[in-house]
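Step one of this worksheet: look at the structure below.
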Amino acid sequence: MLPMLLNDIVQAGWVTKDQFFIGFALIQSLPGPLFNMSAYLGAVALGVPGALLAALGLFGPGVGLFFAVLPLWELVRSNHKLQVFMAGVNSAAIGLVVAAIGLLWQHAIHSHGDAAICLATGVLVGLFNVPAPVGILIGGALGYSLAALGIAQTNYCVAAA
Numbered sequence: 066m067l068p069m070l071l072n073d074i075v076q077a078g079w080v081t082k083d084q085f086f087i088g089f090a091l092i093q094s095l096p097g098p099l100f101n102m103s104a105y106l107g108a109v110a111l112g113v114p115g116a117l118l119a120a121l122g123l124f125g126p127g128v129g130l131f132f133a134v135l136p137l138w139e140l141v142r143s144n145h146k147l148q149v150f151m152a153g154v155n156s157a158a159i160g161l162v163v164a165a166i167g168l169l170w171q172h173a174i175h176s177h178g179d180a181a182i183c184l185a186t187g188v189l190v191g192l193f194n195v196p197a198p199v200g201i202l203i204g205g206a207l208g209y210s211l212a213a214l215g216i217a218q219t220n221y222c223v224a225a226a
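For the sequence shown, the numbering used here assigns the number 66 to the initial residue and increments by one for each residue that follows.
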């Protein structure tokens, strides 16, 4: 989903690539990052009405599908062909996550220090169950420390106030 959002939203000129990645970094510290990203992008493009429309546009189809499938759920659960299909869907979803990781790596990792922070945060959150907001704060502190020591880049773009 992230690669499609980046391409579609930035190419349309609704937000800049820097705004996109700043928003992505911020929303990772909140629950439901993809839903928060839609509201953020809507707000950057069109203010509060844009945030509301974007959130509704993302929540609406899923909620509608949920209520449409709910009466048929027992049939879906007992259908072997649908179970096999869903296993393929799950595998494809993991492939999309891998694609998003590659895209983020290309656009957000600028130095060996960035790569080390990325991998350390992944280990902390993924293996040691450190909450994502704590991992993000640790990553920010490490980035600041590396820049202060002259080990990491310091010429990153920051969103204009």
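Think of the CB as a built atom: it goes at the ideal place given N, C-alpha and C, for glycine as much as any other residue.
Three-state secondary structure assigned by DSSP to residue i
{"i": "glycine 215", "result": "coil"}
{"i": "glycine 208", "result": "helix"}
{"i": "glycine 112", "result": "helix"}
{"i": "histidine 175", "result": "coil"}
{"i": "alanine 120", "result": "helix"}
{"i": "glycine 78", "result": "coil"}
{"i": "leucine 130", "result": "helix"}
{"i": "leucine 71", "result": "helix"}
{"i": "proline 136", "result": "helix"}
{"i": "leucine 192", "result": "coil"}
{"i": "asparagine 144", "result": "coil"}
Continuous alpha helix (DSSP H) stretch holding residue i: start and end
{"i": "isoleucine 87", "result": "82 to 92"}
Own chain, CB closer than 7 Å to residue i, minus 5 neighbours either side, in chain order
{"i": "leucine 189", "result": "Val195, Gly200 and Ile203"}
{"i": "isoleucine 174", "result": "Ala180 and Cys183"}
6 Å Cβ shell around residue i - same chain, five flanking residues per side excluded
{"i": "glycine 129", "result": "none"}
{"i": "alanine 164", "result": "Pro68"}
{"i": "leucine 147", "result": "Val141"}
{"i": "aspartate 73", "result": "none"}
Anticipated Cβ contact below 8 Å, residue i with residue j, distance rounded
{"i": "alanine 116", "j": "glycine 125", "result": "Not quite, the Cβ-Cβ distance comes to about 14 Å (not below 8 Å), so this is no contact."}
{"i": "alanine 104", "j": "alanine 119", "result": "6 Å"}
{"i": "leucine 121", "j": "phenylalanine 100", "result": "Going by Cβ atoms, the distance from leucine 121 to phenylalanine 100 rounds to 11 Å, so no, they are not a contact pair."}
{"i": "serine 178", "j": "leucine 211", "result": "Sequence inspection shows glycine at residue 178; the serine mentioned does not correspond to that position. 4 Å between Cβ atoms; contact."}
{"i": "methionine 102", "j": "leucine 137", "result": "Going by Cβ atoms, the distance from methionine 102 to leucine 137 rounds to 31 Å, so no, they are not a contact pair."}
Contacting residues, own chain, Cβ-Cβ under 8 Å from residue i (five flanking each side not counted)
{"i": "threonine 81", "result": "Val75"}
{"i": "valine 109", "result": "Trp79, Val80, Gln84, Gly88 and Gly115"}
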